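As structure tokens, the structure follows; a few thoughts come after it.
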Amino acid sequence: MPRGTTLLRMNQRPDTQQNQTWQQEVARSRLTPEQLCSQLQLPENLALSMVKGDQLFPIRAPQSYLNRIEPCNEQDPLLKQILPTEDEAVTVSGYSADPVGDHHATQTEGVLQKYHGRALLITTASCPIHCRYCFRRAYPYQDNRLSLQNSQAIEWIDADQSLHEVILSGGDPLMLSNDRLETLINRLGAISHLKTLRIHSRIPVVLPERIDHTLLNHLEHCRLNVVMVIHCNHPLEIDDTARAALSRLKPVVTALLNQSVLLKGINDSTAVLEQLSHTLFNAGVLPYYLHLLDRVNGSHHFEVEESMAHQFLQTLRSLLPGYLVPKLVREIAGEPCKSPRIE
Ligand code: SF4
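With the working numbering applied, the sequence shown corresponds to residues 1 to 343, in that order.
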């Protein structure tokens, strides 16, 4: 695996932001192409090539994530996840603004339902990081997200007895303040037919300091089973700070799972995927899904051929115990479940 020694070097860097609160970190996470290049000692002319992508979807990354990127290395797999490119402005057939059918799945403001027994809440538009492959990068958040003042979404969930699980999504649901999360968790916990609260978040990995005592307390006292699905794509994303956040989360959730996206130039090798499974497991997380890319506009340069994905999975099955091999899936708009990809 490339960059074998880099993680150690990164962890030895003094963390000048250590005393910042997570909200201050988020406030500082918006970077111009010039700032990103200067901080990571990248060539100045790279900033020029990033401008178009940045205009379409601004660069955002917290300092704790930037600390894990190897300076001067344009090929760094963590950098590539946040680096805008000119490719993003290219129109490619088969790619769209809503590749997974979110629009048709919208039931009421802030509520999506695609699968039996589960409903998804768009809790916020915000994220501490902007992942260039994000399938919701063009999502119309202003027209469709949860409002705690307006209880329409909660009433809709309350009225549907077939639901057993609510998924908090976004944006990143852990961007909500602890008070707002507490209110939401309590309202959902009061709905007797719900059994499980699932939280999809990249924050335990990219902004570990946000996993604070108050949040842990709210999760611990939630009446529902809490399933946390983190979104980690590369083993080098799990540094000591992320590992510590995951170890704080582990005792207060029922399950700690990971889903990754298979991304060209980032994790498209058996060695990286094998290492990712081991690293996750050592941090208390089980690999759950490996997603083929959702074909959102501006992301075609990340696509990995499905036949290649099958080869990776075949090799992984020969290297890892079954519980460390993620399920390869594609989300297809209108299908009643994630579609397993079986060769
Ligand atoms: S954290 Fe998730 S929702 Fe936010 S930009 Fe990244 S992929 Fe998209």
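Each residue gets a CB set at the ideal place from its N, CA and C atoms; glycine is no exception.
Fair warning: this is a prediction, and the values are worked out from it, not measured in the lab.
- Within 6 Å of the C-beta of Cys232 there is not a single heavy atom belonging to the ligand SF4.
- DSSP places Glu274 inside the alpha helix (DSSP H), whose first and last residues are 270 to 282.
- Taking C-beta atoms as the reference points, Gly53 and Pro84 count as a pair closer than 7 Å.
- Judged by beta-carbon spacing, Ser29 lies within the 7 Å limit of Arg60, meaning their Cβ atoms are closer than that value.
- In the pairwise beta carbon analysis, the stretch 312 to 320 is classified as touching the stretch 262 to 273: at least three pairs are separated by under 8 Å.
- With contact defined as three or more Cβ pairs closer than 8 Å, the stretch 143 to 154 and the stretch 192 to 206 are not in contact.
- The alpha-carbon of Lys250 is positioned some 21 Å away from that of Ser177.
- Under the three-state reduction of DSSP output, Gln107 falls in the strand class.
- Look at His130: its beta carbon is less than 6 Å from one of the heavy atoms in the ligand SF4.
- One Cα belongs to Leu148, the other to Leu184, and the distance between them is close to 8 Å.
- Secondary structure in the stretch 20 to 101: the alpha helix (DSSP H) runs of 4 residues or longer, each lying completely within the stretch, are 22 to 27, 33 to 39, 44 to 56, 63 to 66 in chain order.
- Assignment of Glu182 by DSSP, reduced to helix, strand and coil, places it in the helix class.
- It is roughly 16 Å from the alpha-carbon of Leu256 to the alpha-carbon of Leu215.
- The ligand SF4 has no heavy atom closer than 6 Å to the beta-carbon of Asp98.
- When the Cα atoms are used, Leu290 and Asp172 turn out to be separated by approximately 19 Å.
- Of the other Cβ atoms in all chains shown, 16 or more fall within 10 Å of the Cβ of Tyr133; this residue is therefore buried.
- For the pair Val296 and Phe57, the CB atoms are not nearer than the 7 Å cut-off.
- DSSP places Gln152 within a helical segment (H, G or I) once states are collapsed to three.
- Its chain contains Gln152, Ala153, Trp156 as the residues whose beta carbon lies nearer than 7 Å to that of Thr108, once the 5 sequence neighbours on both sides are disregarded; these appear in chain order.
- Ile342 and His213 have their C-alpha atoms spaced approximately 42 Å apart.
- Rounded to whole angstroms, Phe302 and Leu293 show a C-alpha spacing of 7 Å.
- In the three-state scheme derived from DSSP, where H, G and I count as helix and E and B as strand, Arg198 is classed as strand.
- Within the stretch 279 to 333, complete beta strand (DSSP E) segments of at least 3 residues are found at 286 to 291, 327 to 330, given in chain order.
- About 15 Å separates the Cβ atoms of Glu220 and Thr196, ruling out a contact at the 8 Å cut-off.
- A direct Cα-to-Cα measurement between Gln24 and Ser307 gives close to 43 Å.
- If you compare the alpha carbons of Arg223, Arg210, Leu316, Ala283 with that of Glu274, the shortest gap goes to Leu316.
- For the alpha helix (DSSP H) assignment, the uninterrupted runs of no fewer than 4 residues enclosed by the stretch 197 to 248 are, from N- to C-terminal side, 203 to 206, 213 to 220.
- DSSP, read as helix, strand or coil, puts Pro128 in coil.
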